[in-house]
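Quick notes on the structure that follows.
Protein chains in written order, with the UniProt record's numbering: chain A, 1 to 267; chain B, 1 to 267.
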């Protein structure tokens, strides 16, 4: 626990390592919410973007079955001709395409967020909220040394090749068409982010309330045990003074917490 | 453990629930490999496909900030005008587009695989192999009741709107262009599947060898303990006859296994 907090403090004190140098405005609140909680630390994020990328000519791929040493990443040195986290205009896109000398691709990429979590149950909470908000490609990574990362991801993308060797392959009317499609996807992406943020706030509040009730019940239970021990030590039976536990609204949450912790022990 | 095996036997005896009714040929070997192992059971798969989808007209989206009850899935009743798990031809795509009366989209979707795993360390092994093979959106889900799913996923996609209200928005030359781009992606997809399959076989063989060595070491260790107990009981000291444990090639793997199991106990 202490290790995670130390690592987190160090991490958050570092300068933002992204190209832009700051968190995207549409998700500032969300990132602040997560980093303000003990169990989470964001490691990378993007609110969603529309880009025009220039790709260098494709190298000739190896024939199938050819022996490979390790993973051969066809790492391309792409040039960003245009990038925006807002709604884009046809003028911006056409201006960007005019700069291309190689193949150019128009892309919409949705919201993505990586969060390192202190415990698996923290990752599970975040995962449930992400899936329910529409980020259906979200998933957890558990590293060999116990590092737990929750990645919020979506399937909601667009990838349209528009130029080949600098020559526009489509009409401006078509460019206008795909720009409108991308903007619709960006709006849907924003709605999903809003949903995710609201649901996360509610889920965390519920978790706090459950923990708080659980704590109160434990305190009561400890007090009762202590009272009973004193009663036995003095040899008195004080049935009339026994406190009735009453109902435990937090009990169901206790079971839920236990089932999360017991994930590995279950068959 | 027994629960997982029982559930798996039931699951594998059921008829294939996919639209096609069978596992895609390019991944038959891979699926068979996984289902032949105790720790895994595949639940859904697709070797990758090129599709032409007809989408109904988009409903008007709700304004931002409007209260939503739960997750509003804009579930569209898409019609598949064309689907292939192989290389596609321009003729197939043009034929499909001619049938469209609404908006039509041309898509490449890469290999996807969902595997339910018996233990978290099984999911971690699969996850590491998937990432190294190029399936960089892979992730683990751990459900509330302990269900562990590893999803093999890729970012490698294409989504190109081609028709609006049945009218082709691009030239046939452009359709030919995107068909070639999709086919290149399909070939790269196949190379990644091959890499994944080979790496998985090696990883599982290594795991078996480690387990086997571990078992042998434990047997030796038990035999030594038993010998020593008998020695003490008889009051004899037989230092010359003590067996030297020698080196343990499996020891490193033992630690790795332990660190995987201890994921939740670590701070």
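Ideal Cβ placement from N, Cα and C applies to all residues, glycine included. This one's a predicted model, so the numbers in the text were calculated from it and none came from an experiment.
- Under the 7 Å criterion on CB atoms, residue 196 (chain A) is classed as non-interfacial with respect to chain B.
- The Cβ of residue 137 (chain B) sits closer than 7 Å to at least one Cβ of chain A.
- Annotation: the continuous alpha helix (DSSP H) that includes residue 6 (chain A) extends over 2–13.
- Near chain A, meaning a CB-to-CB distance below 7 Å, the residues of the stretch 145–165 of chain B are 145, 146, 151, 153, 157, 158, 159, 160, 161 and 164.
- Pairing residue 143 (chain A) with residue 124 (chain B), the inter-Cα distance amounts to about 7 Å.
- Closest in alpha carbon position to residue 16 (chain B), among B:44, B:100, B:4 and B:160, is B:44.
- Positions of the alpha helix (DSSP H) runs, each at least 4 residues long and wholly inside the stretch 76–107 of chain A, are given as 90–98 in order along the chain.
- Close to residue 174 (chain B), with beta-carbon spacing below 7 Å, are these residues of chain A in chain order: 169 and 170.
- The three-state reading of DSSP puts residue 110 (chain B) in coil, since its state is none of H, G, I, E or B.
- Positions of the alpha helix (DSSP H) runs, each at least 4 residues long and wholly inside the stretch 104–161 of chain B, are given as 120–133 in order along the chain.
- Per DSSP, reduced to three states, the secondary structure at residue 218 (chain B) is helical.
- Beyond the five residues adjoining it in sequence on each side, residue 48 (chain B) comes within less than 7 Å, by CB distance, of 85, 109, 110, 111, 186 and 189 in the same chain, given in chain order.
- Taking 7 Å as the cut-off, the beta carbon of residue 56 (chain B) is found no closer than this to the beta carbon of residue 35 (chain B).
- In terms of CA proximity to residue 146 (chain A), B:121 leads the group B:153, B:163 and B:121.
- Among the CB atoms of chain A, one or more fall inside 7 Å of the CB of residue 140 (chain B).
- Residue pairing for residue 40 (chain B): DSSP places it in a beta bridge opposite B:117.
- Distance from the CA of residue 4 (chain B) to the CA of residue 118 (chain B), rounded to the nearest whole angstrom, comes to 6 Å.
- DSSP, read as helix, strand or coil, puts residue 226 (chain A) in helix.
- Interface residue (Cβ-Cβ distance to chain A less than 7 Å): residue 124 (chain B) is classified as such.
- The DSSP-derived three-state label of residue 167 (chain B) is strand.
- Assigned with DSSP and collapsed to three states, residue 211 (chain B) falls in helix.
- Under the DSSP assignment, residue 28 (chain A) falls in the alpha helix (DSSP H) whose first and last residues are 28–35.
- Apart from sequence neighbours up to five positions away, the residues of its chain that approach residue 148 (chain B) with a beta-carbon distance below 8 Å are 116, 117, 118, 119, 120, 122, 123, 140, 141 and 142, ordered along the chain.
- The criterion of a C-beta distance shorter than 7 Å is not satisfied by residue 102 (chain A) and residue 132 (chain A).
- Excluding residues up to 5 positions away in sequence, 42, 45 and 152 lie with their Cβ nearer than 7 Å to the Cβ of residue 113 (chain A) in the same chain.
- Taking C-beta atoms as the reference points, residue 93 (chain A) and residue 179 (chain A) count as a pair closer than 7 Å.
- The C-alpha of residue 6 (chain A) lies about 27 Å from the C-alpha of residue 128 (chain A).
- DSSP places residue 51 (chain B) within a strand segment (E or B) once states are collapsed to three.
- Look at residue 199 (chain B) here: in three-state DSSP terms it is helix.
- For residue 23 (chain A), none of the residues of chain B pass the 9 Å Cβ criterion, the least Cβ distance being about 20 Å.
- Contacts with chain A (Cβ-Cβ distance below 8 Å) from the stretch 28–45 of chain B involve no residue at all.
- For residue 97 (chain B) and residue 81 (chain B), the gap between their C-alpha atoms comes out near 7 Å.
- By the CB criterion at 7 Å, residue 106 (chain B) and residue 181 (chain B) fall outside the cutoff.
- Sixteen is the threshold: when 16 or more other Cβ atoms of the shown chains lie within 10 Å of the Cβ of residue 130 (chain A), as they do, the residue is buried.
- Taking CB atoms only, residue 93 (chain B) has no neighbour in chain A less than 7 Å away.
- Residue 90 (chain A) is a Cβ neighbour of residue 175 (chain A), given a cutoff of 7 Å.
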